[in-house]
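Colleague: Provided herewith is a single structure, encoded as C-alpha cells, for subsequent inquiry.
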Ligand SMILES: [Zn+2]
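Numbering (the working numbering), first residue to last: 2 to 325.
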C-alpha cells in the first residue's frame with residue numbers, strides 16, 4: 002500500500018497493512034515560496050503518510066481594516082478566487098500536491114467560521130468576539146455567515162486542486178467565544194455541521210474532525226451529532242482520555258486519530274527509541290488494533306523535532322502489524 006491508499010483504507014475502515022501516521026507541524030515565517038519547499042522537505046524527511054497543508058503566514062479573513070471597529074465587519078462580499086487570501090491557500094496546496102506526487106495524502110486545513118471571525122477581530126482591531134456578539138449580534142452573525150461562505154468556497158477550490166481531504170479544526174474553548182451550551186448548539190454548531198457535511202460530499206468522507214484542545218478542554222458532546230468519520234481530539238485534556246474510551250464514545254466505525262500528547266516535555270519528545278516504540282504499541286492496543294486508526298498526537302508537534310523519531314514510530318507500527 003502506498004501512503005495515500007493506506008490513509009484512504011484507514012479513513013474508510015478497511016483493512017490496512019499498518020495504520021497510517023498523520024502528525025503535523027507549523028511552518029512559521031516566510032520561506033519566500035509560499036512555504037511550499039518547507040512542506041515538501043518535511044514530508045520527505047518525516048516519511049509521513051499524509052500532509053496537512055498549514056495556514057501559516059495567511060492572516061485572518063480578507064477584511065479591510067479601515068475603521069478599526071465593527072464597521073469593518075459590515076457589508077462583506079465573497080472574495081474572488083484571484084484574491085491573495087484565496088489564491089495563496091489553494092496555490093500552496095496545489096503546488097505541494099504536485100511536488101510530492103499522488104502517493105501521499107494531502108489535506109487542506111480549515112478553521113471554523115466563528116474562529117476565523119474571532120481571530121480577525123482580535124488581530125486587526127483588538128475587539129473580542131464575544132463582546133461584539135453581545136453588542137452587535139447581527140453584524141457578527143452576518144460576518145460569520147460570510148466566513149462560512151469563504152470556507153465553502155475554499156473547500157470547492159481544494160477539491161479542484163486535487164487534494165485528498167481536509168482537516169477541520171473545531172473548538173469552543175477560546176475565552177473570547179465561550180458561548181453557553183445552548184448558544185453554541187443553536188448559533189455555532191450548525192456552521193461546524195455544514196462545513197463538515199460539504200467536505201464529506203467533496204472528499205468521500207476523507208476529513209478529520211479535529212477538536213482542538215491545545216488551549217484546554219472543549220467537552221466533546223456537542224459534536225456527537227455531526228456527520229464525522231475520523232475524529233482527533235485531545236486525549237490529555239478532555240474527559241474522554243483514552244482511545245479505548247473514544248471507541249465507546251464515538252459511533253461504531255469511527256476512525257480514531259491520535260495517541261501522543263503534543264505538549265512539550267511529554268514522551269514523544271523525551272523517550273528513547275525503545276520507549277517510543279513501546280509507547281506506539283501500547284497506543285495501538287488502546288485503540289483496539291490498527292484498523293480504523295491513525296497514529297498522531299493531540300495537535301501539532303512543537304518544533305524543533307527530530308524527524309528520525311517518526312521513523313522509529315513507523316517501525317513500531319510495522320512490527321506490531323507483523324505481530325512482533
Ligand atoms: Zn489543535
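Ideal Cβ positions, reconstructed from N, Cα and C, are used throughout, including at glycine.
Does residue 129 get closer than 9 Å to chain D when you measure Cβ to Cβ?
Modeller: Here chain D cannot be found, since the structure has a single protein chain.
Colleague: The beta strand (DSSP E) that contains residue 111, what's its start and end?
Modeller: Stepping through the chain shown from its first residue, residue 111 is reached at position 110. Here the beta strand (DSSP E) through residue 111 covers 106 to 112.
Colleague: Does the beta carbon of residue 301 fall short of 8 Å from some heavy atom of ligand 1?
Modeller: The residue labelled residue 301 in the question sits at position 300 within the chain shown. Yes, Cβ of residue 301 sits closer than 8 Å to a heavy atom of ligand 1.
Colleague: Kindly examine ligand 1 and report whether one of its heavy atoms sits closer than 8 Å to the Cβ of residue 76.
Modeller: For the purposes of this step, residue 76 is identified with residue 75 of the chain shown, where counting begins at 1. Because no heavy atom of ligand 1 lies under 8 Å away, the Cβ of residue 76 does not count as near it: no.
Colleague: Let's see if you can read the secondary structure: which residues bound the alpha helix (DSSP H) around residue 231?
Modeller: In the chain shown, residue 231 corresponds to position 230, counting from 1. Unbroken run through residue 231 is the beta strand (DSSP E), 231 to 233; no alpha helix (DSSP H).
Colleague: Does residue 325 pass the burial test, meaning 16 or more other C-beta atoms within 10 Å, or should it be called exposed?
Modeller: By 1-based counting over the chain shown, the position of residue 325 is 324. With fewer than 16 other Cβ atoms within 10 Å, it is exposed.
Colleague: Can you tell me whether residue 198 is helix, strand or coil according to DSSP?
Modeller: Working through the chain shown from its first residue, we reach residue 198 at position 197. Helix.
Colleague: With a threshold of 8 Å (Cβ to nearest heavy atom), would residue 175 be considered close to ligand 1?
Modeller: Here residue 175 corresponds to residue number 174 of the chain shown, with the count starting at 1. Incorrect: residue 175 has no Cβ contact closer than 8 Å to ligand 1.
Colleague: Check each candidate in 88, 61, 265 and 106 and name the one with the smallest Cα separation from residue 52.
Modeller: Your numbering for residue 52 matches position 51 in the chain shown. Among 88, 61, 265 and 106, the Cα nearest to that of residue 52 is on 106.
Colleague: Whose C-beta lies closer than 8 Å to the C-beta of residue 37 among residues of the same chain, with five residues either side of it excluded?
Modeller: By one-based count along the chain shown, residue 37 stands at place 36. Once the five neighbours on either side are set aside, the close Cβ partners of residue 37 are 93, 96, 97 and 100.
Colleague: Tell me, which residues are paired with residue 258 by DSSP?
Modeller: The residue given as residue 258 occupies position 257 in the chain shown. Per DSSP, 233 and 295.
Colleague: Nearest-angstrom Cα distance between residue 225 and residue 120?
Modeller: Within the chain shown, numbered from 1, the residue matching residue 225 stands at position 224. Within the chain shown, numbered from 1, the residue matching residue 120 stands at position 119. Approximately 26 Å, taken between the alpha carbons.
Colleague: Rounded to the nearest angstrom, what separates residue 171 and residue 279 at their Cα positions?
Modeller: Residue numbering aside, residue 171 sits at position 170 when the chain shown is read from its first letter. Residue numbering aside, residue 279 sits at position 278 when the chain shown is read from its first letter. If you take the alpha carbons of residue 171 and residue 279, they lie about 31 Å apart.
Colleague: DSSP beta-bridge partners for residue 211?
Modeller: Taking the chain shown and counting its residues from 1, one reaches residue 211 at position 210. Note: residue 211 sits in a beta bridge opposite 170 and 233.
Colleague: Identify which residue in 291, 29, 50 and 239 has its Cα closest to the Cα of residue 6.
Modeller: Position 5 of the chain shown, counted from the start, is the residue given in the question as residue 6. Cα-wise, what sits closest to residue 6 is 50.
Colleague: Starting from the C-beta of residue 164, find all residues in its chain whose C-beta is less than 7 Å away, skip the five residues before and the five after it, and write them out in chain order.
Modeller: Taking the first residue of the chain shown as position 1, residue 164 is located at position 163. Answer for residue 164: 94, 98, 107, 108 and 109, listed in chain order.
Colleague: Can you name the residues that DSSP bridges to residue 22?
Modeller: To locate residue 22, count along the chain shown from 1; it is residue 21. Beta-bridge pairing links residue 22 to 296.
Colleague: Within 10 angstroms of the Cβ of residue 90, are there 16 or more other Cβ atoms? Answer buried if so, exposed if not.
Modeller: Translated into the one-based positions of the chain shown, residue 90 becomes position 89. Flag for residue 90 reads buried.
Colleague: Are the Cβ atoms of residue 211 and residue 257 separated by less than 9 Å?
Modeller: Position 210 of the chain shown, counted from the start, is the residue given in the question as residue 211. Position 256 of the chain shown, counted from the start, is the residue given in the question as residue 257. No, Cβ-Cβ distance for residue 211 and residue 257 is not below 9 Å.
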